[in-house]
Amino acid sequence: MSDHLTVVDHPLVQHKLTLMRDKGTSTAEFRRLLHEITQLLAYEITREMPLTTTTIDTPMEEMVAPILAGKKLALVSILRAGNGMLDGVLELVPSARVGFVGLYRDEETLQPVQYYFKAPKELNDRLVIAVDPMLATGNSSAAAIDLLKEAGATNIRFLCLLAAPEGVARMKEAHPDVPIVTASLDRELNEKGYIMPGLGDAGDRMFGTK
Ligand code: URA
170 MSDHLTVVDH PLVQHKLTLM RDKGTSTAEF RRLLHEITQL LAYEITREMP LTTTTIDTPM
230 EEMVAPILAG KKLALVSILR AGNGMLDGVL ELVPSARVGF VGLYRDEETL QPVQYYFKAP
290 KELNDRLVIA VDPMLATGNS SAAAIDLLKE AGATNIRFLC LLAAPEGVAR MKEAHPDVPI
350 VTASLDRELN EKGYIMPGLG DAGDRMFGTK
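Per the working numbering, the sequence shown starts with residue 170, numbered consecutively.
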């Protein structure tokens, strides 16, 4: 994947995203749509996973057939909204290892502070996909990628549902080597750091906490 930003314009993705943005969509429906759309985005972000071959017997004859190569994928959820994207990817790649990064924003410095970090072993040998539905300011995403790199990751991709231009710019500056896949590049951030037109607070909408 050579482009820093890939916007998946597939009609199914765009249709489901519109339903998710609609404020009348229920929590249960929002969660189901996020699960489905994540699978479609995961299809795109895993496109270049390396293959090798193995010899198998079909009922007809022996064949040399393609199979995924290398160490298992590492999927990393940026808490808490990233958790809504985990199962969708895990259904497609059931053998993936899973990690979690928890960050909160210090109200005085406005900088992200780590409160939880647990990553699979041997990150340096794995494709690492970090998931967070909303790439807003990019500060917590960039900090999460910093932590993954400190833990040894060298081949990282970032999967989100919506991206703001400000967040994409921040990530490009901090991590030009990390391609981003998203369903939409929205217009801007508002003064409170929400993506516009966006879909509101993704965590609240998927967990019904508002
Ligand atoms: N996080 C969200 O959940 N929504 C936004 O619009 C921005 C950040």
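Where is the CB? At the ideal position from N, CA and C, for every residue including glycine. Note that the structure is a prediction, hence the values are computed from the model and not measured.
Residue i versus the options, residue with shortest Cα-Cα distance
i, options, result
"T323", "C329, T222, H344 and N308", "H344"
"V258", "V300, Q283 and N359", "V300"
"L272", "E357, P263, M254 and R249", "R249"
"H204", "M189, R339 and T215", "M189"
"L255", "T207, T215 and E230", "T207"
"F327", "D275, P263, P228 and A211", "A211"
"Q183", "N252, T351 and T196", "T351"
"V262", "D275, A243 and A305", "A243"
Identity of the residues DSSP links to residue i by a beta bridge
i, result
"M365", "E357"
"L174", "I349"
"G383", "Residue 383 lies beyond the stretch modelled for the chain, which goes from 170 to 379, so this question has no answer here."
"T221", "I236"
Cβ-heavy atom distance, residue i to the ligand URA, below 8 Å
i, result
"I349", "no"
"P302", "yes"
"A371", "yes"
"Y273", "no"
"I364", "yes"
"A250", "yes"
"G257", "no"
"A332", "no"
"G253", "no"
*Can you find at least 3 beta carbon pairs, one from the stretch 289 to 302 and one from the stretch 264 to 278, that sit closer than 8 Å?*
Yes: at least three Cβ pairs fall under 8 Å.
*asked:* When you compare the stretch 172 to 180 with the stretch 311 to 328, are there three or more beta-carbon pairs, one atom per stretch, that lie closer than 8 Å?
replied: no
*asked:* Which complete alpha helix (DSSP H) runs does the stretch 273 to 334 hold, if anything under 4 residues is left out?
replied: As far as the stretch 273 to 334 is concerned, its whole alpha helix (DSSP H) runs of at least 4 residues are 308 to 319.
_Quick check on the DSSP output: what are the complete alpha helix (DSSP H) runs of length 4 or more inside the stretch 224 to 261, in order along the chain?_
252 to 261
*Determine contact between the stretch 294 to 302 and the stretch 234 to 245, defined as no fewer than three beta-carbon pairs at a distance below 8 Å.*
yes
*Are the stretch 358 to 378 and the stretch 318 to 334 in contact at 8 Å, needing three or more beta carbon pairs?*
yes
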